[in-house]
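Working notes for the structure below.
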Amino acid sequence: MPFVTIDGQPLHYIDQGSGPAVLLAGSYLWDQAMWAPQMAALSQQYRVIALDLWGHGESGRLPEGTTSLDDVARQALALLDHLDIDRVTLVGLSVGGMWGVRLALSAPQRLNGLVLMDTYVGVEPEPTRQYYFSLFKMIEETGVIAPQLLDIVVPIFFRPGIDPQSALYQDFRAKLAALPPERLRESIVPMGRITFGRDDLLPRLGELNAATTLVMCGDQDKPRPPSETQEMAGLIGCPYVLVPEAGHISNLENPGFVTQALLAFLAERNPA
1 MPFVTIDGQP LHYIDQGSGP AVLLAGSYLW DQAMWAPQMA ALSQQYRVIA LDLWGHGESG
61 RLPEGTTSLD DVARQALALL DHLDIDRVTL VGLSVGGMWG VRLALSAPQR LNGLVLMDTY
121 VGVEPEPTRQ YYFSLFKMIE ETGVIAPQLL DIVVPIFFRP GIDPQSALYQ DFRAKLAALP
181 PERLRESIVP MGRITFGRDD LLPRLGELNA ATTLVMCGDQ DKPRPPSETQ EMAGLIGCPY
241 VLVPEAGHIS NLENPGFVTQ ALLAFLAERN PA
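Put into structure tokens, the structure is as follows:
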């Protein structure tokens, strides 16, 4: 499996297909496998790279000195440099979009296009931030995501109508339950604090290239509701798409719709 050492830690990624490059950046608490449906379809025409966030999947722990989403954006650029990729279309979902915007603002010359999914780059609303931080404190103290906490955390990621016995739901729950204490304390909790303690980038969204940006959101996303997507699209001046019958992990709840939307966007960015 491919790894690259960045800031002293092994970053795991997968790299499939050939053609114009696409970087898939996923959600907090999910690994690169969340992109499996899109990876299979997009890699027929494109070189598709998906990375594991620090402490997620096969990646190493959060590197010393990583204190902000700007650091994560810089580390992703280091991955592109390692792969000799000059320009990429970045598809960022949730925290992937939060650091993706920072990458786009710091290195616009590296992007062919930017798709922001189920994400928000304003500050976390204070009540939500306090609530998440209280959950992080519980996880840090116990070294486990206990069953009663899983009952709170897992549903956040899905539309309200999902079958809790479905493989998608149960597999995610089992993965969270199995996270070891040191990974939770060294990487997952600090990464959560970085994510939900982020600064406000809404005033800078007008600097993005509206012609090469798309914002998407599950129509039933609870943590990042469509109103936030509409607000960001308005500030950028770009189109937005609501994904039907989908919550926060919209690319897995309605994979066919999301894949088609991404293929259409990529075809515009990379005309044959």
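So in the UniProt record's numbering, spot 56 of the sequence shown is number 56, and the numbers just go up one at a time.
The C-beta atom is built at its ideal place from N, Cα and C for all residues, glycine as well.
In this structure, DSSP gives G26 a state outside helix and strand, which the three-state scheme calls coil.
Distances from the alpha-carbon of P225 to those of V95, Y120 and V154 put Y120 closest.
Rounded to whole angstroms, the Cβ separation of L23 and L90 is 5 Å, and the two are in contact under 8 Å. With a cut-off of 8 Å on Cβ pairs, the stretch 10-25 is in contact with the stretch 37-52, counting three or more such pairs. The beta-carbon distance between G122 and L69, rounded to whole angstroms, is 13 Å. This is too long to meet the 8 Å contact definition.
Around the Cβ of R102, a 10 Å sphere holds 16 or more other Cβ atoms; the residue is buried. Listed in chain order, the non-local C-beta contacts of A21 below 6 Å within the same chain comprise R47, I85 and V88, local neighbours out to five positions each way being set aside. The alpha helix (DSSP H) runs of length 4 or more contained entirely in the stretch 98-161 are, from start to end of the chain, 126-142 and 147-156. Every alpha helix (DSSP H) stretch that sits fully inside the stretch 240-271 and reaches 4 residues is listed by chain position as 250-253 and 255-269. Shown here, T67 sits in coil according to DSSP, grouped into three states, outside any helix or strand. In the three-state reduction of the DSSP assignment, R87 falls in the coil class. Residue nearest to I145 within the set F133, L179, N112 and P127 is L179 (criterion: CA-CA distance).
Residue environment: P190 is assigned as buried (16 or more neighbouring CB atoms within 10 Å of its CB, all protein chains considered). Apart from the 5 residues on each side of it in sequence, E207 sits with its Cβ closer than 7 Å to the Cβ of L105 in its chain, given in chain order.
Within its own chain, no residue has a Cβ closer than 6 Å to the Cβ of P164 once the five positions on either side in sequence are excluded. Bounds of the alpha helix (DSSP H) holding A233 are P226 to I236.
For P164, DSSP assigns no beta-bridge partner whatsoever.
Only buried fits G100, as 16 or more other CB atoms lie within 10 angstroms of its CB.
For P10, the enclosing beta strand (DSSP E) starts and ends at Q9 to Q16.
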